[in-house]
Amino acid sequence: MESMTVILSALFLAWLTLVNGSPASVQVGKLPKAKNVSWSSYNFKTILSWGPKPVNYTYTVEFSRVGKDKDTNPHCIKTTETECDLTNKLDIKGVYTAEVLSESLPGMTSDHVEPPFTRSKTFCPYNDTLIGRPKFTLTMSEDKKIVLIIHDPITALYKNGKSLTIRDIFKKHLKYQIMHNKAGSTGKKIQTVDESRADFRLDEGQSYCFSVAAYIPSRKGDKMLGEWSLPKCSPQEHKTLFEEYEPAVIGGGALIILAFVVAVIVLIVVCCKRAQRQKMMAKETVV
Numbered sequence: 016m017e018s019m020t021v022i023l024s025a026l027f028l029a030w031l032t033l034v035n036g037s038p039a040s041v042q043v044g045k046l047p048k049a050k051n052v053s054w055s056s057y058n059f060k061t062i063l064s065w066g067p068k069p070v071n072y073t074y075t076v077e078f079s080r081v082g083k084d085k086d087t088n089p090h091c092i093k094t095t096e097t098e099c100d101l102t103n104k105l106d107i108k109g110v111y112t113a114e115v116l117s118e119s120l121p122g123m124t125s126d127h128v129e130p131p132f133t134r135s136k137t138f139c140p141y142n143d144t145l146i147g148r149p150k151f152t153l154t155m156s157e158d159k160k161i162v163l164i165i166h167d168p169i170t171a172l173y174k175n176g177k178s179l180t181i182r183d184i185f186k187k188h189l190k191y192q193i194m195h196n197k198a199g200s201t202g203k204k205i206q207t208v209d210e211s212r213a214d215f216r217l218d219e220g221q222s223y224c225f226s227v228a229a230y231i232p233s234r235k236g237d238k239m240l241g242e243w244s245l246p247k248c249s250p251q252e253h254k255t256l257f258e259e260y261e262p263a264v265i266g267g268g269a270l271i272i273l274a275f276v277v278a279v280i281v282l283i284v285v286c287c288k289r290a291q292r293q294k295m296m297a298k299e300t301v302v
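Residue numbers for the sequence shown, in the working numbering: 16 to 302.
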């Protein structure tokens, strides 16, 4: 009877192998560690990702603020996915690490007393999230200034049911860098502004192109500058003759043209009289 039980157990394990994958995918009693555990965050939408895709085992994500107890996301416990959304689990200014644990399936045994895990680098949403490209509009004021209005990017965070902008989060620490150049020119100038509006008094009638990026000088290194927006150009103004030149210049030009016309008329009259006189003299000679 015992031998029959052993045979049935062996057949059952063979069947599990055929259903769940090759025996080479996970060796008996050993679980592979997660690899390439990394954070990615865009406008405070924060994802922890890793690899490889598990076969015959699962992953569990545990994360903790430095000096605090570990926490979990219910959607990232014994999962076969290779990413975990932690956007709403992190305090904005907290510094975190995460561990991805490899765990055996229910009913399967492992040699490990504790599940093998891989720890991430530290991550702070406030300091590390990438700020996306802002949108902006260009208008012309009555006094011929180019007015640039920046629309603060919306984040993945909410407060009291309202989406938060990067201005809501960074407050006075948020600045913008504005890059501009004459249309068709490669020379660029960069100006830093504290607010979401900037006025430019540039060459009238000339088209200028602008790009904008969020700038947070309290951050370090390449984290200070967000993504640059797509460029947008002001329309080229087509001036009338009276807008383009001073009245004195227009008057002087008109006098020159008038003098030229008078000179042409006088020359034509003189030529006509001379031709008429020569014609009369020819007739008298014939007579």
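Positions of the beta carbon are idealized from the N, C-alpha and C atoms, including for glycine.
Contact check for I181 and A213: beta-carbon distance about 17 angstroms, past the 8 angstroms limit, so the pair fails to qualify. In the displayed model, K50 falls within a strand according to three-state DSSP. The beta-carbon distance between K60 and T102, rounded to whole angstroms, is 5 angstroms. This is short enough to meet the 8 angstroms contact definition.
Per the Cβ contact rule, the region 281 to 291 is not in contact with the region 227 to 245 (fewer than 3 Cβ pairs under 8 angstroms). Taking C-beta separations shorter than 7 angstroms and ignoring five residues to either side along the sequence, the partners of P140 in its chain run S56, F59, T61, L105 and I107, following chain order. Distance from the CA of I280 to the CA of M295, rounded to the nearest whole angstrom, comes to 23 angstroms. Rounded to whole angstroms, the Cβ separation of S135 and S79 is 11 angstroms, and the two are not in contact under 8 angstroms. Across the structure, V277 and G266 are spaced so that their CA atoms are roughly 16 angstroms apart. For D106, there is no enclosing beta strand (DSSP E), as DSSP gives it neither H nor E. Within the region 157 to 219, the complete beta strand (DSSP E) segments of 3 residues or longer fall at 161 to 166, 169 to 174, 177 to 180, 190 to 197, 204 to 208 and 212 to 215, listed in chain order. Assignment of R289 by DSSP, reduced to helix, strand and coil, places it in the helix class. Straight across, the Cα-Cα distance linking W243 with L153 is about 16 angstroms.
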